[in-house]
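Asks: Submitted below is the structure of interest, expressed as structure tokens.
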Amino acid sequence: FLIYRRGGKDVNIEDGCSTEDGRIWGTYIHGLFDNTGLRRALIERVKMEKGLPTGEFHSSTEYSAKREEGYRRLAEWVRKSLKMDIIYQMMGLDTSTRRIGAGR
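Counting with the working numbering, you get residues 1 to 104 for the letters of the sequence shown.
So, in structure tokens, the structure goes:
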């Protein structure tokens with residue numbers, strides 16, 4: 001990958017690597033698969049190589065909704081697994097309103 005803008009400035013930074021056949025990639029670029037076009041192209045390539053039918057693809061809104069649902073479920077699991085009242089108190093939050101300083 002070639003990064004050409006970072007922090008509003010022009011740059012020329014190479015990031016990542018891949019095997020010669022392009023089947024394995026490595027990069028530090030966060031959010032790479034949030035790009036619908038890239039995600040679609042990669043999935044279609046794998047489908048073609050595996051002899052699977054191509055063309056069926058979930059929209060980016062479906063992907064975003066599923067991702068957000070996953071985050072919501074993870075947050076709920078964390079809340080159920082931890083003693084959140086203690087964490088809120090450590091943060092100076094009122095345990096009923098979760099507002100800063102409300103419990104002081």
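Yeah, the Cβ is synthetic: ideal placement off N, Cα and C, and Gly gets one too.
Once the 5 residues before and after Asp15 are set aside, which same chain residues still bring their CB inside 7 angstroms of it?
Replies: Phe1, Ile3, Thr27, Tyr28 and Ile29
Asks: Taking the runs of the alpha helix (DSSP H) that are 4 residues or longer, which of them lie wholly in the region 43-82?
Replies: 60-81
Asks: Would you list the one or two residues that DSSP bridges to Gly22?
Replies: Looking at the DSSP assignment, Gly22 forms no beta bridge with any residue, so it has no partner.
Asks: Would you mind reading off the limits of the beta strand (DSSP E) that contains Ile3?
Replies: Leu2 to Arg6
Asks: First and last residue of the alpha helix (DSSP H) that includes Asp15?
Replies: From DSSP, Asp15 is part of no alpha helix (DSSP H); its letter is neither H nor E.
Asks: Mark Leu82 as exposed unless 16 or more other C-beta atoms lie within 10 angstroms of its C-beta, in which case mark it buried.
Replies: exposed
Asks: In the DSSP assignment, find the alpha helix (DSSP H) that holds Met90 and state where it starts and stops.
Replies: Met90 -> alpha helix (DSSP H) spans Met84 to Met90.
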